[in-house]
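Let me begin by presenting the structure, written as structure tokens, before commenting on it.
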Amino acid sequence: MIMKVLITGKGGQLAWELERLVPRKNIELICLGQNELDITDEQAVMKLILNCKPDLVINAAAYTAVDNAENNSQIAYAVNECGIKYLAQACKKINSRILHVSTDFIFDGFKNLPYQTNDIANPLNVYGASKLAGENALISILPNASVIVR
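Under the UniProt record's numbering, the sequence shown has 130 at position 130, and the numbering climbs by one with no breaks.
See the structure below:
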């Protein structure tokens with residue numbers, strides 16, 4: 001059986017590496033960049049996911065300009081929170097799963113040891129807060145069908 005995998009964020013470094021590394025045996029790989037799928041467009045996301053029906057979505061799309069996010073919070077939240085929320089809502093309709101790439105910026109950096117999955121998030125900037133908001137949206141929509149990688 002062939003597994004259909006959709007990677008968002010084509011054109012970015014992470015999506016490029018994932019596209020290069022994902023084995024092709026028994027996997028149909030679809031990589032889309034912002035020009036093919038604007039994840040901030042709820043209707044476009046729903047239409048694409050319902051038509052494509054991926055078994056797994058790997059969300060590598062993000063607004064990653066940490067410093068610029070302070071002055072462009074609306075864009076940061078649109079991509080980092082709403083984008084994953086729209087992907088999750090669409091995936092829920094087709095019983096698909098999501099692997100979401102987040103960031104260590106959801107933590108304040110004051111801990112002397114490596115952070116654990118149960119550590120309390122405390123972002124210090126808009127970028128981290130927008131990524132945390134995306135994580136929370138994903139968990140609330142797909143609690144048992146999602147993985148968050150930091």
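Every residue, glycine too, gets a C-beta built ideally from N, C-alpha and C.
Given the structure is predicted, the values throughout are model-derived calculations rather than measurements.
Query, Result
"How big is the Cα-Cα spacing for Ser130 and Asn80?", "6 angstroms"
"Could you compute how far the alpha carbon of Cys31 sits from the alpha carbon of Phe110?", "37 angstroms"
"Hey, how far is the Cα of Thr64 from the Cα of Ile2?", "32 angstroms"
"Does the separation of the CB atoms of Ala90 and Ile7 fall below 9 angstroms?", "no"
"Can you grab the Cα-Cα spacing for the pair Glu17 / Tyr115, in whole Å?", "25 angstroms"
"Who does Cys91 pair with in a DSSP beta bridge?", "Partner(s): none; Cys91 has no beta bridge."
"Alpha carbon to alpha carbon, how far is Ala137 from Glu70? Give it in angstroms, no decimals.", "21 angstroms"
"What's the gap between the Cα of Pro143 and the Cα of Lys92?", "10 angstroms"
"How about Phe107: is its C-beta nearer than 9 angstroms to some C-beta of chain C?", "Checking the listed chains, one finds no chain C in this structure; it contains a single protein chain."
"Kindly indicate the opening and closing residues of the beta strand (DSSP E) around Met3.", "Met3 to Thr8"
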